[in-house]
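Taking it in order: structure first as structure tokens, then the write-up.
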Amino acid sequence: EQINKGKYEHYMQKEIHEQPESLRTTMRGRLIRGGSSKGKTVLLGGLKDHLKTIRRSRRIVFIGCGTSYNAALASRPIVEELSGIPVTLEIASDLIDRQGPIYREDTAVFVSQSGETADTLLALEYALENGALCVGITNTVGSAIARNTHCGVHINAGCEIGVASTKAYTSQIVVMAMVALAIGADTISNQARREAIVDGLIDLPNKLKDVLKLDEEMKDLAKLLVSEQSLLVFGRGYNYATTLEGALKVKEVALMHSEGILAGEMKHGPLALVDENLPIFVIATRDACFSKQQSVIQQLHARKGRLLVMCTEGDAESVSVGGTCRVVEVPRVEDCLQPVINIVPLQLLAYHLTVLRGYNVDQPRNLAKSVTTQ
Ligand code: G6P
297 EQINKGKYEH YMQKEIHEQP ESLRTTMRGR LIRGGSSKGK TVLLGGLKDH
347 LKTIRRSRRI VFIGCGTSYN AALASRPIVE ELSGIPVTLE IASDLIDRQG
397 PIYREDTAVF VSQSGETADT LLALEYALEN GALCVGITNT VGSAIARNTH
447 CGVHINAGCE IGVASTKAYT SQIVVMAMVA LAIGADTISN QARREAIVDG
497 LIDLPNKLKD VLKLDEEMKD LAKLLVSEQS LLVFGRGYNY ATTLEGALKV
547 KEVALMHSEG ILAGEMKHGP LALVDENLPI FVIATRDACF SKQQSVIQQL
597 HARKGRLLVM CTEGDAESVS VGGTCRVVEV PRVEDCLQPV INIVPLQLLA
647 YHLTVLRGYN VDQPRNLAKS VTTQ
């Protein structure tokens, strides 16, 4: 049933639109709300016997490629916050190139939709040799990464056919938020925060359904941008990863140059690119960085930047510099889950840009769904 396009024209389109359902299957049976003395909590069968070891580790290292790496980046803040353990990130090929240090006291988490990516597998071999506890987060039961790690979590997003990953990305972030909850579950101090995240997760499929209503709006935006050569995406904090992943979608399917930019680095180079022609998408949804993003918008506007702003519903006025910028409003969720919502308009934009530009949506030139050679 999953391996046909149903009412959709392309697999990528179908997979974007089935995210409310894929998130539900990712969370099915894993969230427990109320009832027990422990309150709202999370149950990850594949991790439970290893949680003690993970809590004792000196560092958590996330390792992946492409979209899977971006999902790990999106999850880093909440894993750090709830675990209190330093989190680092490695692009698998770079870890191998550097033969970077991996220790027995490390927990190495391998994130891969296919579970077969050559570089990620090599990095896994390397981490096993170095004695780290190896955890797999994959979408493919029985894949090499699922088989060769000590323990793990399946994301259960369902089969993903489009080369550009969409629903696997949002499910990966949800799984990593659940992993963060599981690691932090024995700490009293963050109990209220954990419970708010569990509530946020339970409501997330509904919020995803709401954000998909932006489809037509993003199609209109795609019409506006169809002949552009380049698109910058600015964000920070929880949504730095959203900038990289949004730009990756635009690049890989719409074949348009696009770059995700950490807004905190704006003055260290990117500002030189700003003029009245280059479109810049600024992510300024509500979280602890909101006022900093408002200031970024002001500064880009002062340099005549051509701005498109993503903000939280109801915030249009506070981000549009007197109505001069085009605004996309998205539903608000718990801050650490906001990347799951914020990526959707960018997935839709990349999809519509690709169709309008006449490129192959599901099999972009030169790319493969699973990169099994080096
Ligand atoms: C390829 C795919 C991407 C994917 C990346 C990593 O580049 O086109 O969509 O993110 O590989 O794949 P993995 O299966 O390890 O997540």
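Quick note: the sequence shown uses the working numbering, first residue 297, plus one each step. Ideal placement from N, C-alpha and C gives every residue a C-beta, glycine not left out.
Short Cβ contact (8 Å threshold) for residue i with residue j
i    : j    : result
C361 : T445 : no
G411 : I392 : no
A580 : V615 : yes
K503 : E311 : no
V605 : L510 : no
L477 : V357 : no
L558 : S526 : no
G432 : F406 : yes
L645 : L517 : yes
A367 : Q468 : yes
M308 : G448 : no
A537 : P382 : no
T570 : G601 : Checking the displayed sequence, the identity of residue 570 turns out to be Val instead of Thr. For V570 and G601, yes; Cβs fall inside 8 Å.
D482 : K336 : no
L319 : V470 : yes
R351 : I493 : no
R355 : T321 : no
Neighbour-count burial assignment, residue i, 16 or more Cβ in a 10 Å radius
i    : result
S333 : Only weak support is given to the placement of S333: the predicted model assigns it a pLDDT of 49, under 50, and the value that follows is read from those uncertain coordinates. By the neighbour-count rule (16 or more Cβ atoms within 10 Å), S333 is not buried but exposed.
D402 : buried
R372 : buried
S364 : buried
I299 : exposed
Q643 : buried
I593 : buried
V437 : exposed
A568 : exposed
L420 : buried
T539 : buried
Q395 : exposed
G565 : exposed
D658 : buried
Limits of the unbroken beta strand (DSSP E) element including residue i
i    : result
E386 : V383 to I387
E625 : R622 to V626
P575 : P575 to A580
V529 : S526 to G531
V449 : C447 to H450
Minimum C-alpha distance to residue i - residue among the options
i    : options                   : result
Y399 : M606, A442, S379 and L429 : L429
D583 : V459, M562 and T608       : T608
S408 : V529, A453, Q594 and L319 : A453
H553 : V522, Y536 and V578       : V522
V651 : H306, K301 and H564       : H306
K505 : G432, V640 and L520       : V640
E317 : I374, I381, R329 and C455 : C455
I484 : H346, R326, S379 and I637 : S379
A473 : A419, E513 and D631       : D631
V667 : N638, S461, L633 and A537 : S461
A543 : D482, T384 and L649       : L649
R532 : A550, M514 and E561       : E561
V375 : S587, E555 and Y534       : Y534
Y647 : M323, K588, H597 and L551 : L551
Where residue i falls: helix, strand or coil (DSSP)
i    : result
H346 : helix
M606 : strand
C430 : strand
P641 : helix
R352 : helix
H553 : strand
S333 : With a pLDDT of only 49 at S333, under 50, the local geometry of the prediction cannot be trusted, and the value read off the model is given with reservation. Looking at S333 - three-state DSSP - the assignment turns out to be coil, as it is neither helix nor strand.
D571 : coil
L424 : helix
L477 : helix
E297 : Because E297 sits at a pLDDT of 46, beneath the cut-off of 50, its placement in the model cannot be relied upon, and the following sentence gives the value as read from the coordinates. Three-state DSSP puts E297 in coil, outside helix and strand.
I493 : helix
V357 : strand
V338 : strand
L663 : coil
I392 : helix
Opening and closing residue of the alpha helix (DSSP H) in which residue i lies
i    : result
S614 : A612 to V615
D402 : Element bounds for D402: not the alpha helix (DSSP H) but the beta strand (DSSP E), D402 to S408.
Q515 : Per the sequence shown, the amino acid found at residue 515 is Lys instead of Gln. Residues D511 to L521.
P566 : Taken as a continuous stretch (DSSP letters only), P566 belongs to no alpha helix (DSSP H), as it is neither H nor E.
Q590 : F586 to A598
I312 : Y307 to H313
E376 : G362 to S379
I441 : A440 to N444
The ligand ADP heavy atom lying under 7 Å from the CB of residue i
i    : result
Q409 : Absence of the ligand ADP is noted for the structure shown, with the ligand G6P being the only ligands found.
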